[in-house]
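Colleague: Chains as they are written, first to last, in this note's numbering: chain W, 128 to 446; chain D, -11 to 85.
(1) Which of the residues in the region 131 to 151 of chain W, read from start to end, lie with their CB under 7 Å from any CB of chain D?
(2) To be precise: take each residue of the region 424 to 445 of chain W, compare its Cβ to all Cβ atoms of chain D, and keep it if any distance is under 8 Å. Which residues remain?
(3) With DSSP run on the structure shown, which of helix, strand or coil describes residue 431 (chain W)?
(4) Relative to the C-alpha of residue 322 (chain W), which residue among W:374, W:231, W:139 is closest?
(5) Under 8 Å between the Cβ atoms of residue 377 (chain W) and residue 391 (chain W)?
(6) Measuring alpha carbon to alpha carbon, tell me which residue in W:133, W:349, W:372, W:140 is nearest residue 273 (chain W).
(7) Short of 7 Å in beta carbon distance, which residues of its chain neighbour residue -7 (chain D), apart from the five on each side in sequence? Order them along the chain.
(8) Can a CB atom of chain D be found closer than 8 Å to the CB of residue 278 (chain W)?
(9) Along chain W, in chain order, which residues have C-beta atoms closer than 9 Å to that of residue 52 (chain D)?
(10) Using a Cβ-Cβ cut-off of 6 Å (strictly less than) and excluding sequence neighbours within five positions of residue 425 (chain W), which residues of its own chain qualify?
(11) If you draw a straight line from the alpha carbon of residue 48 (chain D) to that of residue 152 (chain W), how long is it in whole angstroms?
(12) Determine which residues share a DSSP beta bridge with residue 15 (chain D) and list them.
(13) Does the Cβ-Cβ distance between residue 42 (chain D) and residue 22 (chain D) come in under 8 Å?
(14) Exposed or buried, which one is residue 61 (chain D) when buried takes at least 16 other CB atoms within 10 Å?
(15) So is residue 329 (chain W) buried or exposed if we call it buried at 16+ other beta carbons inside 10 Å?
(16) Using the beta-carbon of each residue, which ones in chain D are nearer than 8 Å to residue 212 (chain W)?
(17) Taking C-beta to C-beta, are residue 175 (chain W) and residue 238 (chain W) nearer than 8 Å?
(18) Any beta-carbon of chain W closer than 8 Å to the one on residue 46 (chain D)?
(19) Given that a residue counts as buried once 16 or more other Cβ atoms are within 10 Å of its Cβ, and exposed if not, what is residue 212 (chain W)?
(20) Suppose you measure from the CA of residue 345 (chain W) to the CA of residue 242 (chain W); what does that come to, to the nearest Å?
(21) Give the list of continuous beta strand (DSSP E) stretches no shorter than 3 residues that lie fully inside the region 377 to 403 of chain W.
(22) Which runs of the alpha helix (DSSP H) fall wholly inside the region 276 to 345 of chain W and span at least 4 residues, in chain order?
(23) With 16 as the cutoff for other CB atoms within 10 Å, does residue 205 (chain W) come out buried or exposed?
(24) If you measure from the beta carbon of residue -3 (chain D) to each beta carbon in chain W, is any gap under 8 Å?
(25) Considering only C-alpha positions, which residue in the set W:161, W:227, W:172 is nearest to residue 420 (chain W)?
(26) In angstroms, rounded to a whole number, what distance separates the CA positions of residue -10 (chain D) and residue 236 (chain W)?
(27) Answer with buried or exposed for residue -1 (chain D), where buried requires no fewer than 16 other C-beta atoms within 10 angstroms of its C-beta.
(28) Assuming residue 252 (chain W) contacts residue 199 (chain W) under a Cβ cut-off of 8 Å, what Cβ separation, rounded to an integer in Å, is found between them?
(29) With a Cβ-Cβ cutoff of 8 Å, do residue 262 (chain W) and residue 314 (chain W) count as a contact?
(30) Measure from the alpha carbon of residue 360 (chain W) to the alpha carbon of each residue in W:133, W:265, W:192, then state which is nearest.
(31) If residue 182 (chain W) sits next to residue 248 (chain W), beta carbons under 8 Å apart, how far is it from one beta carbon to the other, in whole angstroms?
(32) Are the CB atoms of residue 136 (chain W) and residue 169 (chain W) nearer to each other than 8 Å?
(33) May I have a chain-ordered list of the alpha helix (DSSP H) segments no shorter than 4 residues that lie completely inside the region 162 to 232 of chain W?
(34) Which residues in the same chain as residue 442 (chain W) place their Cβ atom closer than 8 Å to its Cβ, once the five residues preceding and following it in sequence are excluded?
(35) Once you ignore the five residues that flank residue 215 (chain W) on each side, which residues in its own chain have a CB closer than 6 Å to its CB?
(36) Going straight from the alpha carbon of residue 146 (chain W) to that of residue 166 (chain W), what length do you get?
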C-alpha cells in the first residue's frame, strides 16, 4: 500500500471529487481498483456491443423489405460504433484496444450472455430491439452519469442511438402482432424465448452481486440490479399488453399496494450456465469473432501498406 | 507483422456541429494515417448529420497540462474576481452596463 503523503493528497482529491458527484478524467490520479473495475466493465460493455452484431447480422440478407434491411444495417453499424466509442473510453485508462480484443478472444473477458441465444425468425430481430435494447437502455441511462468522464460521455452518445433501436424493434413486433395468425404466433414465440434472458440482463439479485457496494460508492453504478429489473418489467408489461402478446411468466401479476409487477422465479442456474460458456451459441459467437478478426488481417495490413506508400511518396516529393 | 496486431496510432477527433460554432472533441479513432483517420471519424461520429467539418489530430501530438499542476496553473485566477463585471457594484440607475 502506497501511503506517501503525495498519494494521500491525491486520494483526498479523488474522494472529494467523488463525494461532490464530480467527474474523474483520464489523467487524474485514481485508485488501482477503480481503474481495474472500469477497465473490466467498459471492456465487457464494448465486447457486448460488437458480439451483439452477430445475432442481428444473421437476418441482414433476409430482412423482409429493402427498408427493413436498410434499418437493420444501420442498427448493426451502430453496434460496431458503440463498441468503438467504448473501446476508446477504455483506452483512456491506459490499455490498448488490441489488448482488449485479445482478452475477449482468449476468453479472459466476457460479453453479455444475452448474445449467446440464436435468432431463429425475423420476429427475433423485433424482440431484440424491443426487449434486449430496452433492457440495455434501462441499464445504460444511469451510466450517462458515471463518475468516469470518458465512459459517461460515450454512454450519452450510445443512449441517443439506442432509442432508435428499441423503437424499430417494437415497430417490427407491432407489425407482426397486427398481421396474420402465423405472424402473431411468430411474435409470441420470439417473446417466449427472449423474455427470461432479457430480464436476466440486469444481473444476479443484489444480495449476490459481488462488486455492488464499492461501485455505488464510486459512482460507477447508480442503481441496484433488482431495482433496474423492476423498472424494466414495469415499463414492458403494458407494452406487451398493447401488442396483445403474453409474457411467458404464469406468476407475473400486478401488486396494487406496491405499485409494481411481481415476476416469477428466475432460473439463475441457467443464467450461470450461459455465463460459463454453455449457452446455445457461445462457441459460435467466439469462433465467428476470432474468425472475423483473422480474416480481416489482410485489410489492416493493406491499409498500413497504403499509408506507408503515401507517406514515402510525400517524403520523396518534399526531398 | 503478427496476426493483425495493428500498431495504428490513436487520433483525437473534433467535430464542428454547424457553421458558427467551434470544433468540439468527441472521441478517438485508430488509423494508419490522417486520411484514413478522417474517414474512420466520418463513419464513427457523423452517421446522423452531427457535423459539417472534422478535425483529426494525432493524440501523441497533444501537449496537455498535468492535473497535479492544477494549483499553479489555475488557482491564481481565483482571487482576481475583479476580472469579472459582476465584481463591480453600481447604482441601479446605471441600468445596462
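The beta carbon of each residue, even a glycine, is placed where N, CA and C say it ideally should be. Being a predicted model, the structure only gives us computed values, none of them experimental.
Modeller: Taking the structure as given:
(1) Listed by position, the residues of the region 131 to 151 of chain W near chain D (Cβ gap below 7 Å) amount to none.
(2) 424, 427, 428, 430, 431, 433, 434, 435, 437, 438
(3) In the first chain, counting from the first residue as 1, residue 431 (chain W) sits at position 304. DSSP places residue 431 (chain W) in helix when its eight states are reduced to three.
(4) The residue labelled residue 322 (chain W) in the question sits at position 195 within the first chain. Answer by Cα proximity: W:374.
(5) If you number the first chain from 1, residue 377 (chain W) lands on position 250. If you number the first chain from 1, residue 391 (chain W) lands on position 264. In this structure, residue 391 (chain W) lies closer than 8 Å to residue 377 (chain W) by Cβ.
(6) What you label residue 273 (chain W) is simply residue 146 of the first chain in a count that begins at 1. Among W:133, W:349, W:372, W:140, the Cα nearest to that of residue 273 (chain W) belongs to W:349.
(7) Position 5 of the second chain holds residue -7 (chain D). Residue confidence for residue -7 (chain D) is low, a pLDDT of 48 falling below 50, so the modelled location carries little weight and cannot support an answer.
(8) As a position in the first chain, residue 278 (chain W) is number 151, starting the count at 1. Chain D, which has no Cβ nearer than 8 Å to the Cβ of residue 278 (chain W), makes this no.
(9) To locate residue 52 (chain D), count along the second chain from 1; it is residue 64. By Cβ distance, chain W contributes 154.
(10) By one-based count along the first chain, residue 425 (chain W) stands at place 298. Within the same chain, no Cβ atom closer than 6 Å to the Cβ of residue 425 (chain W) is found once the five residues on either side in sequence are excluded.
(11) Numbered from 1 along the second chain, position 60 holds the residue referred to as residue 48 (chain D). Numbered from 1 along the first chain, position 25 holds the residue referred to as residue 152 (chain W). For residue 48 (chain D) and residue 152 (chain W), the distance between alpha carbons rounds to 18 Å.
(12) Taking the second chain and counting its residues from 1, one reaches residue 15 (chain D) at position 27. Residue 15 (chain D) is bridged to D:1.
(13) Taking the first residue of the second chain as 1, we reach residue 42 (chain D) at position 54. Taking the first residue of the second chain as 1, we reach residue 22 (chain D) at position 34. Not closer than 8 Å, so no.
(14) In the second chain, residue 61 (chain D) corresponds to position 73, counting from 1. Under this definition residue 61 (chain D) is an exposed residue.
(15) In the first chain, residue 329 (chain W) corresponds to position 202, counting from 1. So residue 329 (chain W) counts as buried.
(16) Position 85 of the first chain, counting from 1, holds the residue named residue 212 (chain W). Neighbours of residue 212 (chain W) on chain D, chain order: 15, 32.
(17) What you label residue 175 (chain W) is simply residue 48 of the first chain in a count that begins at 1. What you label residue 238 (chain W) is simply residue 111 of the first chain in a count that begins at 1. Taking 8 Å as the cut-off, the beta carbon of residue 175 (chain W) is found closer than this to the beta carbon of residue 238 (chain W).
(18) Along the second chain, read from residue 1 onward, the residue named residue 46 (chain D) stands at position 58. No, its Cβ sits nowhere closer than 8 Å to a Cβ of chain W.
(19) One-based indexing of the first chain puts residue 212 (chain W) at position 85. Under this definition residue 212 (chain W) is a buried residue.
(20) Stepping through the first chain from its first residue, residue 345 (chain W) is reached at position 218. Stepping through the first chain from its first residue, residue 242 (chain W) is reached at position 115. So the alpha carbons of these two residues sit roughly 29 Å apart.
(21) Secondary structure in the region 377 to 403 of chain W: the beta strand (DSSP E) runs of 3 residues or longer, each lying completely within the stretch, are 380 to 382, 387 to 389 in chain order.
(22) 276 to 304, 308 to 327, 339 to 344
(23) Counted from its first residue, the first chain places residue 205 (chain W) at position 78. Residue 205 (chain W) should be labelled buried.
(24) For the purposes of this step, residue -3 (chain D) is identified with residue 9 of the second chain, where counting begins at 1. Chain W contact via Cβ: absent.
(25) Numbered from its first residue, the first chain carries residue 420 (chain W) at position 293. Restricting attention to W:161, W:227, W:172, the CA atom closest to the CA of residue 420 (chain W) is found in W:227.
(26) On the second chain, residue -10 (chain D) is found 2 positions in, with the first residue counted as 1. On the first chain, residue 236 (chain W) is found 109 positions in, with the first residue counted as 1. Interpretation of residue -10 (chain D) is limited by its pLDDT of 41, a score under 50 that renders its predicted location unreliable; no figure is taken from the coordinates.
(27) The residue you call residue -1 (chain D) lines up with position 11 of the second chain. Taking all protein chains shown into account, residue -1 (chain D) has 16 or more neighbouring C-beta atoms within 10 Å of its C-beta and is therefore buried.
(28) Working through the first chain from its first residue, we reach residue 252 (chain W) at position 125. Working through the first chain from its first residue, we reach residue 199 (chain W) at position 72. Residue 199 (chain W) and residue 252 (chain W) do touch by the CB rule: their CB atoms are close to 7 Å apart, below 8 Å.
(29) For the purposes of this step, residue 262 (chain W) is identified with residue 135 of the first chain, where counting begins at 1. For the purposes of this step, residue 314 (chain W) is identified with residue 187 of the first chain, where counting begins at 1. With contacts defined by Cβ atoms closer than 8 Å, residue 262 (chain W) and residue 314 (chain W) do not form a contacting pair.
(30) The residue you call residue 360 (chain W) lines up with position 233 of the first chain. Per the Cα distances, W:265.
(31) If you number the first chain from 1, residue 182 (chain W) lands on position 55. If you number the first chain from 1, residue 248 (chain W) lands on position 121. No, residue 182 (chain W) and residue 248 (chain W) are not in contact; Cβ-Cβ is about 12 Å, not under 8 Å.
(32) In the first chain, residue 136 (chain W) corresponds to position 9, counting from 1. In the first chain, residue 169 (chain W) corresponds to position 42, counting from 1. Not a contact, by the Cβ cut-off of 8 Å.
(33) DSSP runs (the alpha helix (DSSP H)) wholly in the region 162 to 232 of chain W: 180 to 184, 193 to 218, 224 to 232.
(34) Looking up residue 442 (chain W) in the first chain gives position 315. Excluding positions up to five away in sequence, the list is empty.
(35) Working through the first chain from its first residue, we reach residue 215 (chain W) at position 88. Within the same chain, residue 215 (chain W) has no close Cβ partners at all.
(36) Residue mapping note: residue 146 (chain W) aligns to position 19 of the first chain, counting from 1. Residue mapping note: residue 166 (chain W) aligns to position 39 of the first chain, counting from 1. Using only the alpha carbons, I get a separation of about 22 Å.
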